[in-house]
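Enquirer: Would you mind keeping the following structure in view while I ask a few things?
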Amino acid sequence: MTTTATVAAELGRIASLGNLLGVNTARLLGRLTPLATYCGKDLVVTMSHGFDALSATTTVPRDTARTLCGPWLDALAGDQLSLQLDASSITAYSDEAALPDAAPEVVRQLGGELASLGYDGTTWTYVLEHSNSDDTLLAGTLARMDAVADKLGVTMPQRLIATKLHRSLSRGAPTRTSVRVKGNTVAPQLAISWDRVEWQPVGSMLGGFHPQQGAIGQLPRIARTCEVEEATVDLILGPSDPPAMRIAMRLA
């Protein structure tokens, strides 16, 4: 739980960010209001590389999550669940769930440890954490990521730049990969997540992959609005260039 003043400040930052980016946050904030008392230091806001959509993630007790998700939540284990909400959809994540026996082979090929398991009623998201604390572990992470990217049909330019970025941004810290599965079909995407990325490399990535968005000039204002000095960056590799990006900020 958290104080009313803290909740007002953090939800206010989401509204201010929406105003800055020209994104209508009324529906998102309306969906967050019933969860306001849980929107403490774990509240995270995520934006797409086009700066045209926002979502928010916070952790709530299972009973609270079920009132929003409905019966489909029963398929996901966990007493505490992280809910990612946008204007119209919701995905629940559990860091208490075990790797299902039915997990697809690409999940096992990625290796690492299951960091969380997500579900939205139709699609599962497997999030794996990888150690990069020495050269051997880093090389193993890179090899497994590239093999799975190849299997999923990721383009060679994306595979090469992902390897280069991972060497630069992991800096010995754990990183995460994620894949999404609907039924027996694995989505042809591999997301790689790096934490505590400063705004300069974020800007370089945006400028390199999506210069037409003109978003680089917004970054200093975003940092001031959200009062953050670093972000988590997801690079989403796929069969078409360039890769997509997501930028997530913890509103502590």
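Each residue of the sequence shown is one higher than the last, beginning at 718 in our numbering. For each residue, glycine too, the CB sits at the ideal point set by N, CA and C. On a predicted model such as this, the values are computed, not experimentally measured, just so you know.
By the 10 Å Cβ neighbour count, where 16 or more other Cβ atoms means buried, how is T894 classified, buried or exposed?
Expert: T894 comes out buried.
Enquirer: Please list, in chain order, all residues of the same chain as A864 whose beta carbon is under 8 Å from its beta carbon, the five residues on each side excluded.
Expert: Once the five neighbours on either side are set aside, the close Cβ partners of A864 are Q826.
Enquirer: For R897, which option in I878, E915 and W841 has the closest C-alpha, if you only look at C-alpha atoms?
Expert: Among I878, E915 and W841, the Cα nearest to that of R897 belongs to W841.
Enquirer: Along the chain, which unbroken stretches of the alpha helix (DSSP H) at least 4 residues long are found entirely within the stretch 729-764?
Expert: Taking only runs of at least 4 residues, the alpha helix (DSSP H) segments lying wholly in the stretch 729-764 are 743-749.
Enquirer: Flag this pair as yes or no: are the beta carbons of L802 and F768 separated by less than 9 Å?
Expert: Result no, Cβ atoms of L802 and F768 do not sit closer than 9 Å.
Enquirer: By DSSP, does V919 sit in helix, in strand, or in coil?
Expert: Helix at V919.
Enquirer: Can you list, in chain order, the residues of its chain whose CB lies under 7 Å from that of R748, leaving out five sequence neighbours each side?
Expert: Counting only Cβ-Cβ distances below 7 Å, and skipping sequence neighbours, we find L802.
Enquirer: I need the boundaries of the alpha helix (DSSP H) containing E822, first residue and last residue.
Expert: E822 to L827 is the span of the alpha helix (DSSP H), which, as asked, contains E822.
Enquirer: List the residues that DSSP assigns as beta-bridge partners of W789.
Expert: W789 is not bridged to any residue.
Enquirer: Beta strand (DSSP E) containing A961: first to last residue?
Expert: That run of the beta strand (DSSP E) goes A961 to R967.
Enquirer: Could you tell me if P956 is buried or exposed, where buried requires 16 or more neighbouring beta carbons within 10 angstroms of its beta carbon?
Expert: Exposed, by the Cβ-count rule.
Enquirer: If you run the structure through DSSP and keep just helix, strand and coil, what is P778?
Expert: Residue state, collapsed to three classes: strand.
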